[in-house]
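Peer 1: Residue 2 is where the sequence shown starts when you use my numbering, and the numbers rise one by one after that. Backbone N, C-alpha and C define an ideal beta-carbon position, used for all residues, glycine too. Would you mind keeping the following structure in view while I ask a few things?
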Amino acid sequence: MQIFFELKEKIISFLLYYYIEFVYKTSKIEKIGRLDLLEDSCKDKFIIFIWHGDSYCYYPFLEGKKLNIITTKNKRGGVISRISSHFGYDVLRLPDTGGNGDYIFKVRDLINKKTYANLVMSVDGPTGPQHEIKNFALIMALFSKRKILPVTIEAKHKIELKKRWDKLKLPLPFNRIKIKVNDPFNPTKSDRKEKFITIKKEIKNVMESQIGDN
């Protein structure tokens, strides 16, 4: 049975990463904003915030860049891990639930001392609610002493899986895709004292804004 699940996972991953490559090759990709902050030459490294429902649209965006991606240890995370590895990203697989919380420090040490790369997080995942930023993502930024870099994406033509909690978006080929690297946010201990309420609202407003409106 385990062999069957692994084979299924491989086939699904294969189809998905070649499909998204085809989408990018046949589409007009417009990249705007603080792209300089994602260059390898940038001395600062960030926690990159994206929405879970947009995550599939991003994979080829930073292909070849040094990048860590957080996903879950369960079966959902298996496909994501394979796709991420295909595009050259390092995958950090964490449990869905917090457990004793020590993995926050393990991830911090890994990204700051060993890999020293930008870290991507689907900040309303892994189970939602949609577009509600989790405290863990902000705590991770605070503990690792990194700024938050919200990245947003718009695909003109897409399929939206509306029955899923995250309304997962699948971009179509021959598309127009716009990606914006927004200005960074710097979380502080004062933000934590107020349970990140204000900074969550500010980041959410940026991430929900239409790219052309900013």
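With DSSP run on the structure shown, which of helix, strand or coil describes A118?
Peer 2: The answer is coil: DSSP assigns A118 none of H, G, I, E or B.
Peer 1: Are N136 and K157 close, meaning C-beta to C-beta below 8 angstroms?
Peer 2: No, they are not a contact pair.
Peer 1: Taking only the alpha-carbon atoms, compute the straight-line gap between L95 and V124 and give it to the nearest angstrom.
Peer 2: Approximately 14 angstroms between the Cα atoms of the pair.
Peer 1: What does a CB cutoff of less than 8 angstroms around Y203 pick up in its chain, not counting 5 residues either side in sequence?
Peer 2: Just to set this straight, residue 203 is Glu in the shown sequence, not Tyr. For E203, where only same-chain residues beyond five positions count, the Cβ hits under 8 angstroms are F186.
Peer 1: Under 8 angstroms between C-beta atoms, does K148 make it to chain C?
Peer 2: The displayed structure is made up of one protein chain only, and chain C is not part of it.
Peer 1: What number of angstroms, rounded off, separates the C-alpha of I81 from the C-alpha of S14?
Peer 2: So the alpha carbons of these two residues sit roughly 8 angstroms apart.
Peer 1: My guess is that W166 and P188 are in contact by the Cβ rule of under 8 angstroms, so how many angstroms apart are they, rounded?
Peer 2: W166 to P188, Cβ: 25 angstroms. No contact.
Peer 1: So D91 is in the beta strand (DSSP E); what residue range does that whole segment cover?
Peer 2: That run of the beta strand (DSSP E) goes D91 to L95.
Peer 1: Return the first residue and the last residue of the alpha helix (DSSP H) that F144 is part of.
Peer 2: N136 to F144 is the span of the alpha helix (DSSP H), which, as asked, contains F144.
Peer 1: State the CB to CB distance for the pair F88 and P127, rounded to an integer number of angstroms; the pair is presumed to be in contact (CB under 8 angstroms).
Peer 2: Not really, about 20 angstroms apart at Cβ, beyond 8 angstroms.
Peer 1: Specify the secondary structure class of V152 as computed by DSSP and reduced to three states.
Peer 2: If DSSP states are grouped into helix, strand and coil, V152 belongs with the strands.
Peer 1: Quick check: the Cα distance between Y18 and L8, rounded to an integer number of angstroms?
Peer 2: Near 16 angstroms, if we compare the C-alpha coordinates of L8 and Y18.
Peer 1: Return yes when the Cβ of I71 is within less than 8 angstroms of the Cβ of V152, no when it is not.
Peer 2: Their beta carbons are not under 8 angstroms apart, which means V152 does not touch I71 by this criterion.
Peer 1: Assuming L139 and I200 form a contact by the criterion Cβ under 8 angstroms, report the distance between their Cβ atoms to the nearest whole angstrom.
Peer 2: Confirmed, Cβ separation roughly 7 angstroms.
Peer 1: Going by CA-CA distance only, name the one from K26, Q3 and K11 that's closest to K85.
Peer 2: In the sequence as presented, Lys is not what sits at residue 85; that position holds Ser. Nearest C-alpha to S85: K11.
Peer 1: Which residue's Cα is closest to the Cα of K67: R83, F47 and S56?
Peer 2: Answer by Cα proximity: F47.
Peer 1: In three-state terms, what does DSSP make of L16?
Peer 2: L16 falls in the helix class under three-state DSSP.
Peer 1: Counting along the chain, where does the beta strand (DSSP E) carrying R147 start and finish?
Peer 2: Taken as a continuous stretch (DSSP letters only), R147 belongs to no beta strand (DSSP E), as it is neither H nor E.
Peer 1: For I160, does the count of other Cβ atoms within 10 angstroms reach 16, so buried, or fall short, so exposed?
Peer 2: So I160 counts as exposed.
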